[in-house]
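Since the structure comes first, as structure tokens, the remarks are kept for the end.
Numbering (the numbering used here), first residue to last: 48 to 333.
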């Protein structure tokens, strides 16, 4: 599996409800009420033996179909909520983590507003730019976060109800209300610190999730370039690093994974170290 840790025009949201307009129903008119199948021309009572036999076979077949329980889809994510399943955006696969306990992250925050106001979020809620909510790529939906503006010290508590931002280097997308509380709504972006103040009860601490984990530091169409980077990262001490290839949109990408790390916490610390040189570094797991 894979894990990862401005503005309104930047992305489509995974898991977003795309429901069609509601269908309208009206009361059935008297003329539309079906006649009694046991009376009138062509009724069952007037049917011949062959017709009754065929109808009996159909009834047995329908009963057999109704008694079967559909098999769940293959894979370990069949019982997971849609917002907790892996998803891929712009060639990157993200694996939402099961808990936000102890989660801390620093990076750049942006905000989104009017262009998404009144539209469904990834969890199906209607986005309200005037409420204190936010989008995050991997935290569980409804996680409560304390977001601190590192440039001015202001902080606000928001609830995660969407996925994003899918812009390089950004860790959270604030609602307009959240951005205003941090005094970043004019500037558009700012450096922030995220601290979880509400995880999923009974879930494993995110930092203690067992691995192995890797940090993806690059993805290439040219395998030779991937091999060069693999050599560099192994020389830097990440001896179990690897190349993982995957087809995306009909094109094969060769991804360089630095590793390995026993827990998510170790991988996050490595990502923090590597992000200075590899800006788009993010954690993945399997």
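We treat Cβ as the ideally placed atom computed from N, Cα and C, and that holds for glycine.
Beta strand (DSSP E) segment containing residue i, residue limits
| i | result |
| --- | --- |
| residue 298 | 298 to 310 |
| residue 129 | Unbroken run through residue 129: none, as it is neither H nor E. |
| residue 181 | 180 to 182 |
| residue 204 | 202 to 209 |
| residue 292 | 289 to 295 |
| residue 139 | 139 to 141 |
Reduced DSSP category for residue i - H, G, I as helix; E, B as strand; rest coil
| i | result |
| --- | --- |
| residue 163 | coil |
| residue 237 | strand |
| residue 153 | strand |
| residue 325 | coil |
| residue 76 | Only weak support exists for where residue 76 lies, its pLDDT of 37 falling under 50; the coordinates are left without a value. |
| residue 227 | helix |
| residue 319 | helix |
| residue 314 | helix |
| residue 332 | strand |
| residue 94 | Confidence at residue 94 is low in this model, with a pLDDT of 47, below 50, so the placement of that residue should be treated as unreliable; the coordinate-derived value is given next. Reduced to three states, the DSSP call for residue 94 is coil. |
| residue 196 | strand |
| residue 220 | strand |
| residue 147 | coil |
Residue span of the alpha helix (DSSP H) that contains residue i, given as start and end
| i | result |
| --- | --- |
| residue 279 | 270 to 282 |
Candidates the options, of which the one nearest residue i by Cα
| i | options | result |
| --- | --- | --- |
| residue 203 | 241, 311, 293, 217 | 241 |
| residue 281 | 296, 269, 303, 270 | 303 |
| residue 161 | 176, 170, 153, 172 | 176 |
| residue 153 | 263, 192, 271, 209 | 192 |
| residue 325 | 263, 171, 275 | 263 |
| residue 145 | 265, 205, 133, 196 | 133 |
| residue 165 | 265, 301, 174 | 174 |
| residue 338 | 194, 157, 142 | Only positions 48 to 333 of the chain appear in the structure, and residue 338 is not among them; the question remains open. |
Check: residue i C-beta below 7 Å from any heavy atom of the ligand ADP
| i | result |
| --- | --- |
| residue 224 | Looking at this structure, you won't find the ligand ADP or any other ligand, since it has none at all. |
Integer Cβ distance of residue i from residue j, believed to fall under 8 Å
| i | j | result |
| --- | --- | --- |
| residue 223 | residue 137 | With 8 Å as the limit, residue 223 and residue 137 do not qualify as a contact, their Cβ atoms being about 25 Å apart. |
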